[in-house]
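Notes for the one structure printed next.
Protein chains: 4
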Amino acid sequence: METKEKLIFTSDYTEGAHPAIMQRLNDTNFEKTAGYGNDEYSESAREKIRAACNAPEADIFFLAGGTQANAVMISSILRPYQGVIAADSGHISVHEAGAIEFGGHKVLTLPEKDGKINADQIAELVKKYELDESRDHMVMPGMVYISQPTEFGTLYSLSELKDISETCRKNCITLYLDGARLAYALACPENDVTLPDIAALCDAFYIGGTKCGTLFGEAVVIPKHDMIPHLFTMIKQNGALLAKGRITGIQFETLFTDDLYLNIGRPAIEAAARIRSALLEKGYTLAFPSPTNQIFILFEKDQADKLSEKIEMGFWENRGEDRVIMRIATSWATKDSDVDRLIEML
Amino acid sequence: METKEKLIFTSDYTEGAHPAIMQRLNDTNFEKTAGYGNDEYSESAREKIRAACNAPEADIFFLAGGTQANAVMISSILRPYQGVIAADSGHISVHEAGAIEFGGHKVLTLPEKDGKINADQIAELVKKYELDESRDHMVMPGMVYISQPTEFGTLYSLSELKDISETCRKNCITLYLDGARLAYALACPENDVTLPDIAALCDAFYIGGTKCGTLFGEAVVIPKHDMIPHLFTMIKQNGALLAKGRITGIQFETLFTDDLYLNIGRPAIEAAARIRSALLEKGYTLAFPSPTNQIFILFEKDQADKLSEKIEMGFWENRGEDRVIMRIATSWATKDSDVDRLIEML
Amino acid sequence: METKEKLIFTSDYTEGAHPAIMQRLNDTNFEKTAGYGNDEYSESAREKIRAACNAPEADIFFLAGGTQANAVMISSILRPYQGVIAADSGHISVHEAGAIEFGGHKVLTLPEKDGKINADQIAELVKKYELDESRDHMVMPGMVYISQPTEFGTLYSLSELKDISETCRKNCITLYLDGARLAYALACPENDVTLPDIAALCDAFYIGGTKCGTLFGEAVVIPKHDMIPHLFTMIKQNGALLAKGRITGIQFETLFTDDLYLNIGRPAIEAAARIRSALLEKGYTLAFPSPTNQIFILFEKDQADKLSEKIEMGFWENRGEDRVIMRIATSWATKDSDVDRLIEML
Amino acid sequence: METKEKLIFTSDYTEGAHPAIMQRLNDTNFEKTAGYGNDEYSESAREKIRAACNAPEADIFFLAGGTQANAVMISSILRPYQGVIAADSGHISVHEAGAIEFGGHKVLTLPEKDGKINADQIAELVKKYELDESRDHMVMPGMVYISQPTEFGTLYSLSELKDISETCRKNCITLYLDGARLAYALACPENDVTLPDIAALCDAFYIGGTKCGTLFGEAVVIPKHDMIPHLFTMIKQNGALLAKGRITGIQFETLFTDDLYLNIGRPAIEAAARIRSALLEKGYTLAFPSPTNQIFILFEKDQADKLSEKIEMGFWENRGEDRVIMRIATSWATKDSDVDRLIEML
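Below is the structure:
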């Protein structure tokens with residue numbers, strides 16, 4: 583498993599964990615702690631996240647991955663007759679193998695614009711449902727799912743998020759935010775949405791770990807205590823309860839010490855900005871206006887194949903027969919020297 | 583988080599990971615690999631497990647935890663009209679918060695004897711079903727679930743396992759083995775069931791990591807290639823697919839290098855044997871005849887409370903108003919000095 | 583399809599509907615009404631049932647069959663982390679093909695005595711759960727399911743039902759009663775439980791139609807209005823909403839006109855009493871002490887086979903290799919002359 | 583419940599059953615038959631349907647309603663990782679309260695044209711899935727759902743159906759047809775698709791009863807014997823097994839005697855044709871070009887409200903703030919005199 587010549591920019595989960603996390607795991611390895619998240623590290627992590635979110639009574643659970651977090655939260659919050667509103671480009675709409683439907687709920691899709699949906703679309707969907715005389719034969723919208731950053735790397739502004747939140751609350755609909763890559767939003771100069779904003783405006787969300795520097799793990803946050811009774815048991819029932827809960831606890835405790843989580847994404851954002859500039863300079867076409875760590879490039883297939891010999895990018899989607907969108911992702915671990923080489927190769 | 587005075591013997595998941603695993607995670611931390619188990623470490627781990635199990639064409643997946651492994655495998659193998667036979671003391675029967683039923687399937691329980699069920703019981707249940715004229719209104723037995731070691735720390739002998747396997751195959755019923763603590767069976771002198779035996783006699787099983795030296799993770803093994811088509815997608819759908827699959831891959835690759843998995847349980851078995859002798863010598867009552875790393879002691883409640891001031895044990899179950907079964911568990915990480923102190927305190 | 587020589591006593595659903603119901607269906611056949619139970623007949627039926635149950639604000643829905651009623655009600659009332667307590671002989675435990683588990687919930691079985699469970703057993707199960715330190719890893723008891731009459735034809739007394747109800751309410755557990763054959767309880771001299779008693783003591787129940795004189799259909803009653811919000815939609819979602827709701831409405835409207843439902847079971851009870859006396863007189867062994875329309879006889883297999891040449895009985899269950907329990911069921915439609923012939927043949 | 587002055591054209595399920603069916607139910611009311619569809623009438627109905635469909639080995643089951651038939655068939659045929667392709671206007675996509683997702687499966691919608699989808703759309707969706715490198719993270723298309731006539735009253739031509747069938751078979755995808763109103767297709771001069779065509783081209787379908795002259799009930803047909811093993815048990819598990827199966831059996835036996843099913847829709851088609859002509863003549867706008875028994879009219883809301891004072895129509899959907907689509911439905915029971923009055927009122 584020697585070093586490869588080829589540059590790898592396929593995703594933000596190609597490396598292990600941030601060195602501070604590895605250090606902490608090593609240091610604590612032989613301590614004995616309680617299981618299932620009832621250990622001191624998990625409790626300390628929860629306290630630090632509550633502080634960072636300005637949500638002193640929040641319930642917090644550490645799960646293994648993002649699809650799991652989404653599936654558990656959505657099925658735990660919705661009643662059987664309800665569905666979840668999401669962009670048609672949303673992760674739950676496309677790339678979770680039907681996990682939400684497997685849990686019994688319809689995903690009510692809205693057309694995305696730059697990966698986002700807006701308050702007006704939501705209000706209109708709800709109004710249409712309410713005015714429909716057959717609504718008792720239809721799935722009731724019970725939740726809104728958004729991602730920050732979105733699957734296209736774009737960002738909701740604070741103003742957009744406030745509008746969505748207000749619309750949801752007016753209509754008694756839960757607002758849930760998927761923060762798989764939240765660190766990259768928080769480190770982005772274009773971003774004006776803080777963790778306390780999210781905790782104030784959303785009913786539940788998760789703070790991504792896997793793509794933001796942990797070995798694995800996501801922190802689910804429910805700002806209002808006991809909004810979801812017996813969530814612990816439902817997590818277990820979904821096969822999502824980790825016996826050695828302390829492993830996720832230690833990782834998040836590290837991420838929320840000395841503002842690491844707020845800063846861990848910075849190298850990724852800076853690297854992405856450099857790459858984006860170079861791409862535009864060299865005449866490439868960007869598919870979405872993303873300011874975060876994901877860059878989507880629209881290629882002729884030939885062109886993509888050729889570049890792929892030197893740079894490993896992520897496949898995003900085919901556009902007709904001849905064109906393809908590929909993704910370059912930077913991460914907390916991206917090295918300047920690799921960015922230099924990448925720019926050279928373009 | 584200073585050293586506690588109290589001795590901790592609550593479970594086999596109180597520490598982090600085996601040092602060899604931590605070393606390997608540290609060493610590989612900055613390598614870039616593909617996601618979702620498509621990396622070289624995961625593939626190497628699979629090859630080594632195939633070799634250790636003498637199952638060259640086995641499909642192998644790494645999942646985060648045991649309940650998840652059970653839930654995914656059982657719901658992926660069974661057809662909707664089928665249920666799974668298990669001991670009434672089985673983990674899926676009692677301590678998985680109804681995960682199997684949540685996935686749509688009935689657990690058909692048989693009365694345990696020392697935590698085990700036997701081929702005759704299974705044959706009788708199947709025959710009763712087949713002779714019942716109302717069977718089309720009933721749940722068809724489609725799988726047998728057993729644990730090795732059992733939830734009571736006891737072991738199936740090779741002869742018992744062969745009988746169960748034969749009964750299952752004669753009746754076209756899948757045999758699934760939960761190996762959450764398999765390393766402790768493999769290290770136990772009383773044990774005569776090897777990994778190749780299990781792979782030859784079972785249709786699916788999992789090799790436990792979480793309780794046997796990893797930070798987390800279990801290796802699901804299906805000896806016959808493609809017995810479960812599209813299992814990858816069903817794992818994703820169950821929220822059980824790890825993005826950084828390499829983290830489990832590296833851990834299992836280490837466990838299956840130089841026979842570590844076959845030996846990692848030895849200290850636990852030796853410690854348990856010493857504790858068991860001391861308990862019997864001092865007149866304690868053991869609840870089950872377990873030869874592995876779990877020791878179940880039947881206490882008067884007062885007695886248990888008093889001992890619990892010095893030794894942290896695991897609660898197992900109440901026996902009426904006045905008595906309680908507590909569990910002492912040793913692990914790969916148990917220190918001789920702690921065993922010495924424990925024996926002294928008894 | 584000429585008259586058969588053989589006497590048929592297999593079940594209480596061998597004929598069509600009570601003549602008064604057929605008359606009413608014929609009379610109203612060409613009237614035009616609204617769909618989905620929003621017609622005048624369904625509303626009138628609901629009003630009459632509310633009056634008969636002394637439950638003026640009850641929500642009432644008409645479903646097609648008993649398994650459907652049980653599955654819809656149990657999954658609509660329970661939260662995902664809860665299960666339903668039932669006798670191990672309960673219909674949902676054995677003969678509904680796993681419908682409750684298919685809906686995601688475990689059936690927590692208690693050993694029956696004469697087909698019944700009692701308040702003490704329930705209290706003990708709940709207490710055991712509450713005292714178990716692992717209860718968050720277990721299924722929470724959330725409902726009690728009982729049948730009146732039971733699957734063995736036996737009856738809960740008012741006193742027994744009151745005790746169960748009190749235990750449930752003290753423990754915040756829903757009490758649900760399956761009244762598939764309720765008319766036969768109500769017509770039975772041994773019975774001291776009225777419809778108003780049931781409505782006062784249970785949180786939900788269904789009044790059986792299929793086995794009590796309708797072509798099909800059961801009336802689900804929830805005494806407390808809106809206890810289950812959006813139940814209409816959940817009924818639709820379960821595929822249990824009838825487009826021509828008026829067909830069940832008309833049938834139940836007829837059953838609850840002039841006390842027909844209270845009296846329709848009488849011929850069955852009288853016939854069963856005569857048959858039971860004759861059986862005992864002739865030395866047959868009754869399997870359960872049922873006072874209602876089902877009679878369970880323990881036969882040597884040879885004996886059962888021989889009698890079955892002349893009388894079609896229902897298979898109940900095998901008892902070992904050599905013996906079998908068969909069921910004789912009478913109904914609202916049983917003719918005296920058939921009873922005479924049967925008694926002669928015994 | 584006297585005759586109403588207002589004309590009722592809301593749906594095709596406003597009356598009871600065809601007189602021949604009522605006659606047959608009355609005539610057979612006191613016969614004793616076996617339960618659960620094991621009676622002679624159900625068997626005779628199955629034989630007659632097999633003959634009418636030219637499908638001698640077909641498996642046939644009688645269920646209570648359409649949503650139930652769709653939900654049971656789709657969840658019984660699909661594997662967990664598969665979803666069902668349907669028009670975005672399909673009944674399962676909109677008006678079944680999420681029953682398909684409740685059963686665990688995503689509905690993969692395609693944009694309808696006149697309520698229909700075509701072979702090219704299906705082929706393209708499948709190709710897109712197959713070429714997507716992330717397809718293992720996505721729902722696999724496993725079935726196509728179409729309705730004949732569609733929810734908009736339009737018809738698939740034989741040529742269109744053949745193309746769809748061919749595309750499905752080439753791609754190993756099951757083709758399922760919802761025939762809730764099939765009698766109205768079969769009676770329509772524009773229709774060129776026969777029952778044998780459907781049985782030859784589809785893998786499963788249901789012949790609608792509720793909207794085509796029965797009190798309730800739909801006949802599910804699977805042309806290839808045992809394509810779905812243990813379907814009986816899955817029907818039971820879904821709460822869809824009728825104890826008095828003979829009631830649906832008798833109704834379908836009548837419908838398939840003397841070609842009644844082929845002719846029962848004729849009065850509806852003739853009435854609809856007259857109404858449609860009158861509407862066009864008077865300058866109304868039809869929303870869809872439906873040749874069957876459903877007529878969709880695009881109204882200004884004022885206009886609709888005014889007409890609704892005299893004629894009860896069905897609400898279909900709002901079109902913006904000011905306009906609404908209403909439905910006039912005729913049926914097997916529509917009287918010429920009512921059509922005369924309706925035309926006068928327009």
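Chains as they are written, first to last, in the numbering used here: chain A, 583 to 928; chain B, 583 to 928; chain C, 583 to 928; chain D, 583 to 928. A virtual CB, placed ideally from N, CA and C, is assigned to each residue, including glycine. A quick note: this is a predicted structure, and the numbers were derived from the prediction, not measured.
Exposure of residue i, with buried meaning 16 or more beta-carbon neighbours within 10 Å
i                      : result
residue 583 of chain C : Reliability fails at residue 583 of chain C, whose pLDDT of 37 lies under 50, so the model's placement of it is uncertain and the value that follows must be treated cautiously. The residue in question, residue 583 of chain C, is exposed, as its Cβ has fewer than 16 Cβ neighbours within 10 Å.
residue 675 of chain C : buried
residue 800 of chain D : buried
residue 835 of chain D : buried
residue 845 of chain B : exposed
residue 902 of chain A : exposed
residue 872 of chain B : buried
CB contact below 8 Å: residue i versus chain C
i                      : result
residue 585 of chain A : Bear in mind that a pLDDT of 46 at residue 585 of chain A, under 50, signals an unreliable position, so the model cannot answer this.
residue 756 of chain A : no
residue 617 of chain D : yes
residue 868 of chain D : no
residue 688 of chain B : yes
Cutoff 8 Å: residue i Cβ touching any chain D Cβ
i                      : result
residue 927 of chain B : no
residue 899 of chain A : yes
residue 614 of chain C : yes
residue 798 of chain C : yes
Residue from the options with nearest C-alpha to residue i
i                      : options                : result
residue 592 of chain A : A/894, A/749 and A/913 : A/894
residue 927 of chain A : A/777, A/900 and A/864 : A/864
residue 615 of chain A : B/707, B/607 and B/595 : B/595
residue 672 of chain B : B/736, B/717 and B/777 : B/736
residue 837 of chain B : B/802, B/620 and B/603 : B/603
Cβ of residue i within 8 Å of any chain B Cβ
i                      : result
residue 792 of chain A : yes
residue 915 of chain A : yes
residue 764 of chain A : no
Cβ pair residue i, residue j closer than 8 Å
i                      : j                      : result
residue 687 of chain B : residue 679 of chain C : no
residue 878 of chain A : residue 684 of chain A : no
residue 646 of chain B : residue 798 of chain B : yes
residue 727 of chain A : residue 804 of chain A : no
residue 816 of chain C : residue 654 of chain C : yes
residue 897 of chain B : residue 715 of chain C : yes
residue 713 of chain D : residue 703 of chain D : no
residue 850 of chain A : residue 766 of chain A : yes
Residue i CB to nearest heavy atom of the ligand GTP below 7 Å
i                      : result
residue 645 of chain C : Annotation note on the ligand GTP: not contained in the displayed structure, which lists no ligands.
Practice item. Would you list, in chain order, the members of the stretch 587-610 of chain B that have their beta-carbon closer than 8 Å to a beta-carbon of chain A? Key: 590, 592, 593, 595, 596, 597, 598, 599, 601, 604, 607, 608 and 610
Review point. Going along the chain, which residues of the stretch 658-683 of chain D sit with their C-beta nearer than 8 Å to a C-beta in chain B?
Key: 658, 661, 662 and 663
Practice item. Please name the residues in the stretch 701-718 of chain C whose beta-carbon is closer than 9 Å to at least one beta-carbon of chain B, in chain order. Key: 710, 713, 714, 715, 716 and 718
Exercise for review: Mind checking the stretch 716-739 of chain A against chain D and listing, in chain order, the residues whose C-beta falls within less than 7 Å of any C-beta there?
Suggested key: 716, 719, 720 and 721
**Study point:** Cβ-based contacts, 7 Å cut-off: residues of the stretch 807-818 of chain D near chain B
**Key:** 812, 814, 815, 816 and 818
Exercise for review: Note down, in chain order, all residues in the stretch 630-648 of chain D with a beta-carbon under 9 Å from any beta-carbon belonging to chain C.
Suggested key: 645, 646, 647 and 648
**Study point:** Members of the stretch 819-850 of chain D near chain C, C-beta cut-off 9 Å
**Key:** 819, 820, 821, 822, 823, 824, 825, 826, 828, 829, 830 and 832
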